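*Asks:* Have a look at this one before I ask anything.
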Amino acid sequence: DTGPTALPPFPGEESPGWAANFELMEYGTGAGMAVPGHDQRDYEFASKYGLTIKPVILAADGSEPDLSEQALTEKGVLFNSGEFDGLAFEAAFNAIADKLAEKGVGERKVNYRLRDWGVSRQRYWGAPIPMVTLE
Numbered sequence: 001d002t003g004p005t006a007l008p009p010f011p012g013e014e015s016p017g018w019a020a021n022f023e024l025m026e027y028g029t030g031a032g033m034a035v036p037g038h039d040q041r042d043y044e045f046a047s048k049y050g051l052t053i054k055p056v057i058l059a060a061d062g063s064e065p066d067l068s069e070q071a072l073t074e075k076g077v078l079f080n081s082g083e084f085d086g087l088a089f090e091a092a093f094n095a096i097a098d099k100l101a102e103k104g105v106g107e108r109k110v111n112y113r114l115r116d117w118g119v120s121r122q123r124y125w126g127a128p129i130p131m132v133t134l135e
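Heads up: the sequence shown begins at 1 in the UniProt record's numbering, then just goes up one per residue.
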């Protein structure tokens, strides 16, 4: 625990701030949010440090998930999520994004997840890359 806490933009309890060595810097903005009930790396971190693991997605059969061994990583219906309870993952994602934009605390952003491509290694004689010459 680093001391500072975060207050979510929707009604809820404060969350402690933690520093971790597994945040993926090449993904997103470099700041992360942990959801230990539904991400295995976050689950392992929370288990190691005795943090509360609050499930927010129901299991496929509609029951509260068993998080005693591992995180539930499937997308399902939200619960323990205030006004978003009962929404399927896609509908909830859109409703939450809309609510954040409405409150002026967030906006939608496309993350293309582009990766480097070693074109010279695709074929033994090199890749046929079109060239444009301007005179």
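Here a beta-carbon is modelled for each residue, glycine too, at the ideal position from N, C-alpha and C.
On a predicted model such as this, the values are computed, not experimentally measured, just so you know.
Only counting runs of 4 or more residues, tell me where the alpha helix (DSSP H) segments fall wholly within the UniProt domain "Leucyl-tRNA synthetase editing" (2-100), in order along the chain.
*Replies:* Within the UniProt domain "Leucyl-tRNA synthetase editing" (2-100), the complete alpha helix (DSSP H) runs of at least 4 residues are 40-48.
*Asks:* The ligand SAM heavy atoms versus the CB of N94: any closer than 7 Å?
*Replies:* In the structure on display, the ligand SAM does not appear, and there are no ligands present to speak of.
*Asks:* Would you verify that the beta carbon of G50 is, or is not, closer than 8 Å to some beta carbon of chain D?
*Replies:* In the displayed structure, chain D is absent; only one protein chain is listed.
*Asks:* In this structure, does DSSP put E102 in helix, strand or coil?
*Replies:* If you number the sequence shown from 1, residue 102 lands on position 102. If DSSP states are grouped into helix, strand and coil, E102 belongs with the helices.
*Asks:* Just how far apart, CA to CA, sit E135 and V110?
*Replies:* Walking along the sequence shown from the start, residue 135 turns up at place 135. Walking along the sequence shown from the start, residue 110 turns up at place 110. Their Cα atoms are separated by approximately 37 Å.
*Asks:* Less than 8 Å between C-beta atoms, sequence neighbours within five positions excluded: which residues of the same chain meet that for K103?
*Replies:* Residue numbering aside, residue 103 sits at position 103 when the sequence shown is read from its first letter. Counting only Cβ-Cβ distances below 8 Å, and skipping sequence neighbours, we find P9.
*Asks:* How big is the Cα-Cα spacing for D98 and V132?
*Replies:* Position 98 of the sequence shown, counting from 1, holds the residue named residue 98. Position 132 of the sequence shown, counting from 1, holds the residue named residue 132. Cα-Cα distance, rounded: 43 Å.
*Asks:* Are L58 and F79 closer than 8 Å when you measure CB to CB?
*Replies:* Residue 58 sits at position 58 when you count from the first residue of the sequence shown. Residue 79 sits at position 79 when you count from the first residue of the sequence shown. In contact: L58 and F79 (Cβ atoms closer than 8 Å).
*Asks:* Hey, how far is the Cα of T73 from the Cα of E44?
*Replies:* Working through the sequence shown from its first residue, we reach residue 73 at position 73. Working through the sequence shown from its first residue, we reach residue 44 at position 44. Each residue's alpha carbon lies about 13 Å from the other.
*Asks:* Taking 8 Å as the threshold, find out whether the segment 44-53 comes into contact with the segment 77-91 through three or more Cβ pairs.
*Replies:* Taking 8 Å as the limit for Cβ pairs, the verdict is that the segment 77-91 does not touch the segment 44-53.
*Asks:* Quick check: the Cα distance between A34 and W18, rounded to an integer number of angstroms?
*Replies:* Locating residue 34 in the sequence shown gives position 34, counting from the first residue. Locating residue 18 in the sequence shown gives position 18, counting from the first residue. So the alpha carbons of these two residues sit roughly 9 Å apart.
*Asks:* Do the CB positions of A71 and Q40 come within less than 8 Å of each other?
*Replies:* As a first step, residue 71 is located in the sequence shown; it is residue number 71 there, counting from the start. As a first step, residue 40 is located in the sequence shown; it is residue number 40 there, counting from the start. For A71 and Q40, yes; Cβs fall inside 8 Å.
*Asks:* Thinking just about the alpha-carbon of each residue, which of A95, L24, D42, A20 is nearest to the one in L67?
*Replies:* Translated into the one-based positions of the sequence shown, residue 67 becomes position 67. Closest by alpha carbon: D42.
*Asks:* Measuring alpha carbon to alpha carbon, tell me which of D116, F93, R115 ends up nearest R108.
*Replies:* Taking the sequence shown and counting its residues from 1, the one referred to as residue 108 is at position 108. For R108, the nearest C-alpha among the options comes from F93.
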